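Colleague:
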Amino acid sequence: MSASDTLDRPETGPFAAALRRARTARRMSQLDLALTCDVSARHLSFLESGRARPSREMVLQLAHGLLLPLGSQNALLQAAGFAPVFPASPLDSAALGPFRAVLDEMIARHSPYPALLCDRHWTILDANPTARALLTPLHDGVGPMNVVRMLTDSPLAPVAIANYPEVLAEMAARIQLEALEAGDDAVLHDLMEALQAAAILHPYRTSTLQRRPLAPVVLRAPGQDLSFLSTIAQFGTSEDVTIRDLRLELLFPADDETRAAMVAMGAALSG
């Protein structure tokens, strides 16, 4: 029986298993993590084997050494039997009212160009009218709209997105980094597998000489293609899990033709 089999036994406990998964997801050895956290390698080995129990301070020390996002730090604390430290307020709660007002203003001010607000799994929480008009054809109408699932599951996506293989490759690279950051996030790993499966059917082939400094998203529309450049904002100054997990994506026209088309679409939607 291998050492990994022993460590994965149920009797090692939820914390030991969660710690090992987070460490291996970071591609760190026990010695790497021990040195980073100023903990003895022997004690870390005991924690991962379930032979020692951590204090709350030790859990947070290890979580910081692993650079886990706040939600994953809470999960590691709960696995060790402690209450979460970081709040996770609903986006429509009174506590987040001032922040929500800022988000609403940013989304509204970006019109007529598309803007969408997503959670850490790229499920769309809010969007302005032009974003909804462009994305709705890719959604099957069942469940919430998710950017990755619309890319990988919609039969219209390869047709509606002129540079579909390139967009898949860019999104896969982003999700891969986010999955690495999160450590033990099954949803992100499922999204990564879906993107990889789609990329097998629609491979993106390019040489380093052909790569562009900015990769646009090119949508096919009647009579013309709409070309956008994407900016993604995250909010890293809050200790609220909900805020830290948000992604605000703002799409800007990449050419004058797209800019004119979006102004016309915005006027039609508002009129």
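Note that the working numbering numbers the sequence shown so that position 99 is 89, with each residue one more than the last. The beta carbon of each residue, even a glycine, is placed where N, CA and C say it ideally should be. All values reported here derive from a predicted model rather than from experimental measurement.
1. DSSP state of VAL49, grouped into three classes?
2. Where does GLN224 sit, in a helix, a strand or coil, going by DSSP?
3. Given that a residue counts as buried once 16 or more other Cβ atoms are within 10 Å of its Cβ, and exposed if not, what is GLN224?
4. In angstroms with no decimal places, state the Cα-to-Cα distance between TRP112 and SER79.
5. Where do the ends of the alpha helix (DSSP H) carrying LEU86 lie?
6. Assuming LEU266 and ARG16 are in contact, meaning their beta carbons sit under 8 Å apart, how far apart are those beta carbons, in whole angstroms?
7. Check GLU239 in the structure and name its three-state DSSP category.
8. Could you tell me the distance, in whole angstroms, from the CA atom of HIS179 to the CA atom of ALA169?
9. Check ASN118 in the structure and name its three-state DSSP category.
10. Go through its chain and collect everything with a Cβ distance to THR248's Cβ below 6 Å, but skip five positions before and after it.
11. Below 8 Å CB to CB, which residues in the same chain sit around MET182 once its five sequence neighbours on both sides are set aside?
12. Helix, strand or coil for ARG43, going by three-state DSSP, please let me know.
13. For the alpha helix (DSSP H) containing LEU106, list its first residue and its last residue.
14. In this structure, does DSSP put SER217 in helix, strand or coil?
15. Quick check: the Cα distance between GLY226 and ILE233, rounded to an integer number of angstroms?
16. For the alpha helix (DSSP H) containing ARG139, list its first residue and its last residue.
17. Helix, strand or coil: which one does DSSP assign to ARG195?
18. Pick helix, strand or coil for ARG210, following the three-state DSSP scheme.
19. Going by other Cβ atoms of all chains shown within 10 Å of its Cβ, with 16 needed for buried, is ARG146 buried or exposed?
20. Should the stretch 236 to 251 be called in touch with the stretch 99 to 118, which here means at least 3 C-beta pairs below 8 Å?
21. Quick one: what's got a C-beta closer than 6 Å to SER62's C-beta in the same chain, skipping five residues either side?
22. When you compare only the Cα positions, how much space is there between PRO88 and LEU81?
23. Compare the C-alpha of GLU156 against each of LEU52, LEU209, PHE242 and name the closest.
24. Can you check whether the CB of ASP246 is closer than 8 Å to the CB of PRO77?
25. Could you tell me the distance, in whole angstroms, from the CA atom of GLY71 to the CA atom of ALA53?
Modeller: Quick answer:
1. Position 59 of the sequence shown, counted from the start, is the residue given in the question as residue 49. Here VAL49 sits in helix by DSSP.
2. Along the sequence shown, one-based indexing puts residue 224 at 234. DSSP, read as helix, strand or coil, puts GLN224 in coil.
3. Looking up residue 224 in the sequence shown gives position 234. It counts as exposed.
4. Position 122 of the sequence shown, counted from the first residue, corresponds to residue 112. Position 89 of the sequence shown, counted from the first residue, corresponds to residue 79. Distance between the alpha carbons of TRP112 and SER79 is about 18 Å.
5. For the purposes of this step, residue 86 is taken as the residue at position 96 of the sequence shown. From DSSP, LEU86 is part of no alpha helix (DSSP H); its letter is neither H nor E.
6. Nothing can be reported for residue 266, as the shown portion of the chain is limited to -9 through 261.
7. The count along the sequence shown starts at 1 and reaches residue 239 at position 249. DSSP places GLU239 in strand when its eight states are reduced to three.
8. As a working mapping, residue 179 is identified with position 189 in the sequence shown. As a working mapping, residue 169 is identified with position 179 in the sequence shown. Those two C-alpha atoms are separated by around 6 Å.
9. Reading the sequence shown from its first residue, position 128 is the one you call residue 118. ASN118 falls in the coil class under three-state DSSP.
10. Here residue 248 is taken as the residue at index 258 of the sequence shown, counted from 1. If we look at THR248 and ignore the five residues flanking it on each side, its Cβ neighbours are LEU216, SER217.
11. Taking the sequence shown and counting its residues from 1, one reaches residue 182 at position 192. If we look at MET182 and ignore the five residues flanking it on each side, its Cβ neighbours are ALA162, ILE165, GLN166, ALA169.
12. Counting from 1 along the sequence shown, the entry for residue 43 is found at position 53. Note: ARG43 maps to coil in three-state DSSP.
13. As a position in the sequence shown, residue 106 is number 116, starting the count at 1. Where LEU106 is concerned, there is no enclosing alpha helix (DSSP H), although the beta strand (DSSP E) it sits in stretches over 105 to 108.
14. Taking the first residue of the sequence shown as 1, we reach residue 217 at position 227. It is a strand residue.
15. Here the question's residue 226 lines up with position 236 in the sequence shown. Here the question's residue 233 lines up with position 243 in the sequence shown. Near 8 Å, if we compare the C-alpha coordinates of ILE233 and GLY226.
16. By 1-based counting over the sequence shown, the position of residue 139 is 149. First-last of the alpha helix (DSSP H) with ARG139: 137 to 143.
17. If you number the sequence shown from 1, residue 195 lands on position 205. Taken through DSSP and simplified to helix, strand or coil, ARG195 comes out as coil.
18. For this step, residue 210 is matched to residue 220 along the sequence shown. ARG210 falls in the strand class under three-state DSSP.
19. The count along the sequence shown starts at 1 and reaches residue 146 at position 156. Here residue 146 turns out to be Leu, not Arg, going by the sequence shown. So LEU146 ends up on the exposed side.
20. yes
21. Looking up residue 62 in the sequence shown gives position 72. These residues qualify, in order along the chain: ALA172, GLY173.
22. Locating residue 88 in the sequence shown gives position 98, counting from the first residue. Locating residue 81 in the sequence shown gives position 91, counting from the first residue. In a straight line, the C-alpha of PRO88 is about 11 Å away from that of LEU81.
23. Your numbering for residue 156 matches position 166 in the sequence shown. It is LEU209.
24. Against the sequence shown, residue 77 aligns to sequence position 87. Against the sequence shown, residue 246 aligns to sequence position 256. Cβ atoms of PRO77 and ASP246: not closer than 8 Å.
25. Here residue 71 is taken as the residue at index 81 of the sequence shown, counted from 1. Here residue 53 is taken as the residue at index 63 of the sequence shown, counted from 1. Going by the C-alpha atoms only, they are around 15 Å apart.
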